[in-house]
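For the sequence shown, the UniProt record's numbering gives the first residue as 1, with consecutive numbering after it. Using N, Cα and C, we set each Cβ at its ideal position, and we do this for glycine too. It should be emphasised that the depicted structure is a prediction, and the values quoted were computed from it without experimental measurement. Some notes on the structure that comes next.
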Amino acid sequence: MSTSYRIGLVGKPSVGKSSFFNAATMNDVPEGAYPFTTIDPSVGEAYVRVDCAAPEFNETCTPNVGYCDDGTRFVPTKLVDVAGLIPGAHEGAGLGNQFLSDLNETDVLVHVVDFSGQTDAEGEATEGHDPREDIDFLETELDQWYLDILEKGIERYETGYTTEDDAIEEELAEQMSAFKTSEDEIKRLIRRVDVGFDPEAWDDEERLELAREIRQETKPMVIAANKMDTPEAQTNYDEITSDPDYEHLTIVPCSAHAEKALKSADQADVVDYRPGDDDFEITGDASGEQKQGLEQIRNFLSAYGATGVQAALETALFDVLGVTPVFPGGANGLGNERGEVLPDCYLIPPNSTAEDFAYSLHSDIGDGFLHAIDCRTNRQLGADYVVESRDVLEIITTN
Ligand SMILES: Nc1nc2c(ncn2[C@@H]2O[C@H](COP(=O)(O)OP(=O)(O)O)[C@@H](O)[C@H]2O)c(=O)[nH]1
Ligand SMILES: [Mg+2]
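In structure tokens form, the structure reads like this:
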């Protein structure tokens, strides 16, 4: 059993969430330039790329899930189209509550922002809207939501629902358990904002600051600067990526339209395109108009390196969340007893040890853990070894 990550697509209406979702999953979800097309959150399977380890062993892999294309593994991950972000969501307006509970189920967010500035705060058509407003809006909204919950925890602590010697981090970790945080993490964040451990002494600003820290830590986020195929978006992108106030953000230039067009053309055998690549080949008959469209996309790819859909997902999972891809293997050959070669690529939490990895395979394997073997070097690794990206590991157990 491997850990399953959920990447949530968020953003105000009409920024291109459904288009991004469809491009990434090629599922059929209604799209349209009007609010609330997607009432229910849509969950689909997307892929993240991992360089396959099999070629290093002169082997050809046989993936159990996902697929391998010329040395690139496409490892499945869950993608959720979280509709319903509107101003005032945390106060329960509109689809707000549903939005927040769906959000709770995600590990990392891709905030889809319409960089063309052609949708206003409510998702209606406009001109010259500053995408920075949308970035700020979502952050503020999430911070308020966290602050509300933080305040409840502080209140409980102060009114003595807890036993006397309970620490504040214990109360807050419990109150914020939906965010998958821990006492240690809360403690570390309280230290980081440097407010001391007596919540009665925290003023409003300090509470908000702490809420913000906890939010950033438990709900990390990438910004997909979407509609980058428009000149307005390109101008905004240049401006925002050189604005020092937005330096701390991870912004990935993106065209959901381009990704979708290439995948559709690939399925129709008009082009040969591997998702995430920086180029494609025209292999079939294309009309003059279609060719022209494809050449425009080719220009986009050479300017931005890719359509950005794959890049946004991978940046979220690997760079922002720090997930580690690891291959279970055998030191005496990669094949298992069923003749499968490197059938799995697991995505495990950052800083997982060899023993953690064993537990993620199966609790029995974790319980019986003796040591791991690095299949590339045949070196023996102890329980505390921190797994590195693309390790190929065999776990040796007592049973
Ligand atoms: N130019 C351009 N338009 C896009 C792109 N992605 C989405 N759109 C358009 O933006 C509008 C809203 O898209 P949709 O996916 O329904 O947005 P959602 O409300 O956030 O799910 C539609 O007209 C899309 O065709 C893109 O990459 N480039
Ligand atoms: Mg939608």
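query                                                                                                                      : result
Proximity of Y346 and V320 at Cβ, strictly below 9 Å                                                                       : no
Span of the alpha helix (DSSP H) around P231                                                                               : 231-241
Bounding residues of the beta strand (DSSP E) (the contiguous stretch that carries D391)                                   : 391-397
Residue span of the beta strand (DSSP E) that contains K78, given as start and end                                         : 72-81
Beta-carbon contacts of I149 that lie in its chain and below 7 Å, excluding the five residues immediately before and after : Q175, M176
N- and C-terminal bounds of the beta strand (DSSP E) containing Q380                                                       : 379-381
Ligand 2 heavy atom lying under 8 Å from the CB of S302                                                                    : no
Beta-carbon separation (whole angstroms), K12 vs A121, contact threshold 8 Å                                               : 7 Å
Proximity winner among F318, C375, T398, P76, relative to G368 (alpha-carbon distances)                                    : T398
Alpha-carbon to alpha-carbon, R188 and A16                                                                                 : One point to set straight first is that residue 16 is Gly, not Ala, in the sequence displayed. Straight-line Cα distance between these residues: approximately 37 Å.
Candidates F137, E59, V65, A201: closest to V10 by CA position                                                             : F137
F74 beta carbon less than 9 Å from that of G84                                                                             : no
Cβ contact (3+ pairs, closer than 8 Å) linking the stretch 196-214 and the stretch 285-294                                 : no
Cβ contact check for the stretch 340-355 and the stretch 132-146: 3 or more pairs under 8 Å                                : no
Proximity below 9 Å, CB of P328 to CB of V392                                                                              : yes
Within 9 Å, strictly: CB atoms of I240 and T106                                                                            : no
Sequence-distant residues of the same chain with beta carbon closer than 7 Å to residue 400, five excluded per side        : This structure does not reach residue 400, given that the chain is present from 1 up to 399, and the question cannot be answered.
Ranges of the alpha helix (DSSP H) found wholly within the stretch 105-177, counting only runs of at least 4               : 131-158, 168-175
A358 - containing beta strand (DSSP E), residue span                                                                       : Not the beta strand (DSSP E): A358 falls in the alpha helix (DSSP H), residues 354-361.
Contact test: K219 Cβ vs ligand 2 heavy atom, cutoff 8 Å                                                                   : no
Status (buried if at least 16 other CB within 10 Å, exposed otherwise) for S14                                             : buried
Inter-residue Cα distance where the pair is L301 and A258                                                                  : 9 Å
Cβ contact check for the stretch 272-285 and the stretch 219-231: 3 or more pairs under 8 Å                                : no
For R6, the three-state DSSP class (helix, strand or coil)                                                                 : strand
Heavy atom of ligand 1 within 8 Å of M26 beta-carbon                                                                       : no
Selection from I282, V82, A372 that minimises the alpha carbon distance to Q98                                             : V82
Length-filtered (4 minimum) alpha helix (DSSP H) runs lying within the stretch 239-271                                     : 256-267
Contact set for D384: own chain, Cβ-Cβ below 7 Å, skip 5 residues either direction                                         : T353
First through last residue of the alpha helix (DSSP H) which encompasses G293                                              : 288-304
Three-state secondary structure (DSSP) of F318                                                                             : helix
Check: F20 C-beta below 8 Å from any heavy atom of ligand 1                                                                : yes
Coarse secondary structure for T218, derived from DSSP in three states                                                     : helix
Inter-residue Cα distance where the pair is L361 and R390                                                                  : 16 Å
Euclidean distance between Cα positions of Q310 and G160                                                                   : 49 Å
Proximity winner among K152, F115, H111, T181, relative to E141 (alpha-carbon distances)                                   : H111
Any non-hydrogen atom of ligand 1 closer than 8 Å to residue 401 Cβ                                                        : A question about residue 401 goes unanswered here, because the residues of the chain that appear run from 1 up to 399.
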